[in-house]
Structure formats: structure tokens, C-alpha cells
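In the working numbering, the protein residues as written are 213 to 666.
For reference, the structure discussed in these notes is given below.
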Amino acid sequence: MAKVKRAYFCRNCGAQSPKWVGKCSSCGEWDTYQEEILESNTAKSSGGYQSSKTHQRPQALEEVESSNLKRVGIKDTELSRVLGGGIVPGSIVLFGGEPGIGKSTLMLQIALQENNLKVLYVSGEESSEQIKMRADRIDAANPNCFVLNETSTTLLFQHCNELEPDLLIIDSIQTIHTPKLESAPGSISQIRECTAEIMRMAKDKGIPVFLIGHITKEGSLAGPKVLEHMVDTVLQFEGDRNHVYRLLRSVKNRFGNTNELGIYEMSGEGLRAVDNPSELLISNNDQGLSGTAIGATMEGLRPLLIEVQALVSSAAYGTPQRSSTGFDLRRLNMLLAVLEKRCGFKLGSKDVFLNIAGGIRVDDPAIDLAVVSAIMSSNADIPVDTSVCLAGEVGLSGEIRPVTRVAQRISEAEKLGYKQIIISKHNKAVKAQDFKITVHMVGKIEECIKLMFG
């Protein structure tokens, strides 16, 4: 019997070392090495995917024939937008998210919705009966959807050769193992080798593959960091369990834009794609309450109108508090400093609380003007006109800087029935006469406050 050899692997980058070290010499991270069993001589000859293509010779780039791969259209409009217009044949999509966020539910919905595709759903975590229970709850059926409970890559490839599916979904990659390695499923070497074998099979047969991945307690995808480099697309499914909305973001996409955002609404029957999220993210405030303002933001190529809520009150415990939900706290402190230094408002001794309604997080600096308006509205206890929308970035000197794709933001506000929008006067390309909505152009934050509150 061959002697079992062991080695240490870095959880962050996958680097290998014959002994444990505190700091990885490859990525520089501390305390990331863990022990694993190396492949034995008996295991090397078994398992793995054998490609049907012969070895190719190097050829000049000009000799390569360009073939326009047609994307596979899917009925889920949100997922199709995030992927860049459909699924690319032979692509590997890594789908990550926290436990219970709805990863398996969304993937099962995709499998049941595509009646024109032969889908193989491989589950290493649930039985066929459990998957059937979820399918009954979703209330969808697809005669071309096949379920397989398997964790071995060797048997998985055999079933793929027999069934020849048009789409392969694996839930999850941490449960799959290859007989080439003796380490446990979910280890760094197993995840890396299984992904490499599945990738060779997908490229060889042109089968698009969705890999569901677990999330660590730090919020990153479990397994080596090289896993994200191997796949073609990395999707992050996120959201607050206290809210019904789920956000699908593209972290990496070799075939599309990485700034796209898909929004779903969680219900008892599964996840529903939200086609017009602006109407859902804005509450029907007919009472004219102070401390709310509407900002126009962009998520990829999609314009969104969101509600910014602020509360300014006297500091009860001496030291003023600064709290922000869905917005960068450091940027909030910067905007408060601009209001105090450039506009003369004494906010240093007051508590300021900020919230982005709907449970989403916004990084677009174009909502600075909406944040400032909400803060000033709460401070003066004067409501903002419900027919006004704002889109502008606030600089350190108090100037209103221009934002990108302002025409799309104005069109979204006009479509939702807003009568006025305030933007920067430095957006030279915008012509107010091209829109039915009244466009106010300001250059400084004082002009915006005077226009809003008189």
C-alpha cells in the first residue's frame, strides 16, 4: 500500500506548501494554510474527464475562424440581463449567496421555466423528494427537467454523456468530489480539481453550467480564490432576510457588463422578477412628511429611483451619533462636513440617521443631492415636494458635479410621473426642452437648498 502524502494548501489562493507556514508567500495572507491529503498512486489512474478533442497545434490568430456563438435565451428577464443577454454555450457560471437567501430556489425555477431546454439538476445536498416538494411549491413543471442525486464527477460525466443536457446545474460545488483525490469533499484541492474537470467537460461539449457555491462567514465564496478566476461569470445573490427583495449582482462576467443588477421579490411561490423596481422602492407618501427625498441612481444600464430617508435630532448623550443603512457612512460624514463648512448649518451637535428604503445598498455618488435634501428637510422639519427628483454629486467645495447617463435618469423620473428634477448645470449635453419634466440646473449646493426650501 502506497504511503499517504500530505501537504498544506492556502485557502485564499490555493498555493501549496510541504509544511505549515503562518504567512502565505504567494498572496501574503496570514493563517490560511490547512492540511490535506495529496493524491495517491492508485487514485491517479482513475477518474477525471477525458476530452474527445485531439491535441491542437499552435496557429496564428489570423487563421482562427471567428464563430458567433448564439446565446441561449432564457425566460427569466432579470437573470438574462445580468448575464448580458442570455447564457453563452460552454460557459461556467458560479452562483454564490448566503444560506437561505434563495439560491437553490432560483436555480430550480430556471430549470422548470425553460421548457425548450433539456436541463439536468444535480443535487448533492437534497434528495429527489425534497426537490419535488420545492417544485410543487413553485407551481411550475418542465418535462425536460431531470434530477440527479450524485456527488462523484465520474458518474456525473457518465450521466451527462447519456442524457446530453442543454443546461447543467450543480448544487453545490462543495459537495462534488473526484476519485483522483483522497481529500474530503469541500476541501480546497477537491473544489479546484472538480471545477477544472467540469470546465473541461463544458468547453468540450458546449454545455452551459451553473455552479452553486457556499459563502464563508466573512461573506466571500468558499474555496480557493482561484475558483473565481477559473469560471467565466461570478454572480452574487444578496439581500436582507427582513425584506422581500433579493439583488442579483454580477461580480465577474467575461461576456457582459459587470455593473448590471437584477431584482427579485421573494414570495411563498418562489422568486418573482421585478421589471419596474422604481415603483416598489418608493413609498406612497401623500402626507408630506419631512426627511424624505427621491434620488435617481443607475445600476449598470438600468435607472432606478430610490427613496432616501433621514432623521436629524439633538444629541441626547452629548456625543452625536452617525448611522447609515444602505449608504457609505464615510460619505455621509463628508456631506455633513460640507453642509456645515460651506452652507453654515450647525449639524455637528446633532444625531443624523440615514436609510435607503427597500433594503438595497447604493454606491452611486449621484444620490448625494438626495441625501443632502433629506437631511436638510429633517433638520428644518420642512417636507420636500413629492413631485421633485434629484440627481447630482456633491463636491468638497459645495459644487454640484455632473453625473453619467443623466438623460436616462430624467426619462425614468418623467415616466414615473415626477414634475421636476434637479441636476448639475455642468451636464452640458442635456437639453431641457427635450423632456416634458421641468429640469432645474444648479451649480452649488446653496442654490439647490434655496430652490427646495426657499
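Using N, Cα and C, we set each Cβ at its ideal position, and we do this for glycine too.
Note that the structure is predicted; figures quoted are calculated from it, not measured.
Does residue i pass the burial test, meaning 16 or more other C-beta atoms within 10 Å, or should it be called exposed?
i, result
"Gln246", "exposed"
"Thr244", "buried"
"Ala434", "buried"
"Thr428", "exposed"
"Glu326", "buried"
"Leu513", "exposed"
"Glu387", "The question names Glu, but residue 387 is Thr in the sequence shown. Buried, since its Cβ has 16 or more Cβ neighbours within 10 Å."
"Gln402", "buried"
"Pro230", "exposed"
"Val276", "exposed"
"Asn639", "buried"
"Ser561", "exposed"
"Ile657", "buried"
"Gly503", "buried"
"Arg223", "buried"
"Ser703", "Residue coverage of the chain in this structure runs from 213 to 666, which leaves residue 703 outside it and unanswerable."
"Ser462", "buried"
"Ala272", "exposed"
"Pro420", "buried"
"His455", "exposed"
"Ala414", "buried"
"Ala578", "buried"
"Met588", "buried"
"Tyr630", "buried"
"Gln533", "exposed"
"Ala644", "exposed"
"Arg269", "exposed"
"Asp487", "exposed"
Can you give the Cα-Cα distance for residue i and residue j, rounded to whole angstroms?
i, j, result
"Ser238", "Leu439", "16 angstroms"
"Gly356", "Asp348", "It is Asn, not Gly, that sits at residue 356 in the sequence shown. The alpha-carbon atoms of Asn356 and Asp348 are separated by roughly 16 angstroms."
"Asp378", "Ala408", "20 angstroms"
"Gly474", "Ser292", "9 angstroms"
"Ile594", "Val600", "14 angstroms"
"Pro311", "Phe557", "45 angstroms"
"Phe608", "Asp580", "What sits at residue 608 in the sequence shown is Leu, not Phe. If you take the alpha carbons of Leu608 and Asp580, they lie about 12 angstroms apart."
"Arg573", "Gly302", "33 angstroms"
"Ile381", "Met411", "13 angstroms"
"Phe647", "Pro515", "16 angstroms"
"Glu450", "Thr365", "29 angstroms"
"Leu548", "Ala527", "15 angstroms"
"Glu472", "Gly480", "26 angstroms"
"Met319", "Arg466", "21 angstroms"
"Leu492", "Leu460", "17 angstroms"
"Gln342", "Gly571", "30 angstroms"
"Arg617", "Ala603", "10 angstroms"
"Asn469", "Asp444", "12 angstroms"
"Cys550", "Asn567", "Just to set this straight, residue 550 is Val in the shown sequence, not Cys. Taking the straight line joining both Cα atoms gives about 19 angstroms."
"Gln321", "Glu477", "13 angstroms"
"Lys437", "Gly226", "7 angstroms"
"Asn328", "Ser535", "50 angstroms"
"Ile350", "Lys344", "10 angstroms"
"Ala353", "Glu511", "33 angstroms"
What does a CB cutoff of less than 7 angstroms around residue i pick up in its chain, not counting 5 residues either side in sequence?
i, result
"Arg283", "Gly297, Gly298, Ile299 and Val300"
"Ser495", "Glu519 and Ala569"
"Glu624", "Ser490, Ala508, Pro515 and Leu517"
"Leu281", "Val300 and Pro301"
Only counting the same chain, and skipping five residues up and downstream in sequence, which positions put a Cβ closer than 8 angstroms to that of residue i?
i, result
"His652", "Gln632, Ile633, Ile634, Ile635 and Leu663"
"Leu360", "Leu332, Tyr333, Val334, Ser335, Leu368 and His371"
"Gly425", "Leu306, Phe307, Gly308, Ser384, Ile385, Gln386, Leu433, Ala434, Gly435 and Leu439"
"Leu628", "Ser490, Glu491, Ile494 and Leu517"
Apart from the five residues just before and just after residue i, which ones in its own chain have a Cβ nearer than 6 angstroms to its Cβ?
i, result
"Val520", "Ala505, Gly507, Ala582, Val583 and Ala586"
"Ser316", "Asp383"
"Lys553", "none"
With distance defined between alpha-carbon atoms, name the residue in the options nearest to residue i.
i, options, result
"Ile661", "Val615, Glu611, Glu374 and Ala625", "Glu611"
"Gly500", "Arg461, Ser590, Cys222 and Ile286", "Ser590"
"Leu523", "Ser535, Asp487 and Phe565", "Phe565"
"Leu324", "Asp452, Leu483 and Glu337", "Leu483"
"Arg613", "Asp576, Glu374 and Lys627", "Asp576"
"Leu375", "Lys330, Pro397, Ile622 and Gly398", "Lys330"
"Phe665", "Asp597, Leu559 and Glu552", "Asp597"
"Ser340", "Ala353, Phe358 and Asp351", "Phe358"
"Ala219", "Cys236, Gly234, Glu248 and Val233", "Glu248"
"Val654", "Leu447, Gln448 and Lys637", "Lys637"
"Gln448", "Leu295, Ile649 and Asp288", "Leu295"
"Lys287", "Ala485, Thr363 and Thr650", "Ala485"
Residue ranges of each beta strand (DSSP E) run of no fewer than 3 residues wholly in the stretch 496-577, ordered along the chain? 504-511, 514-526, 534-537 and 562-568
Segments assigned alpha helix (DSSP H), at least 4 residues, entirely inside the stretch 286-343: 289-295 and 315-325
Return the chain-ordered ranges of every beta strand (DSSP E) run that is complete within the stretch 574-645 and spans a minimum of 3 residues. Listed in chain order, they are 600-602 and 632-636.
Ordered list of beta strand (DSSP E) runs contained in the stretch 446-486, each at least 3 residues: 457-465, 473-479 and 482-485
Output the residue ranges of the beta strand (DSSP E) runs that lie fully inside the stretch 402-447 and measure 3 residues or longer, sorted by chain position. 421-425
If you scan the stretch 336-405 from start to end, which runs of the alpha helix (DSSP H) of 4 or more residues do you find wholly inside it? Unbroken alpha helix (DSSP H) stretches of 4 residues or longer found wholly inside the stretch 336-405: 340-350 and 365-375, given in chain order.
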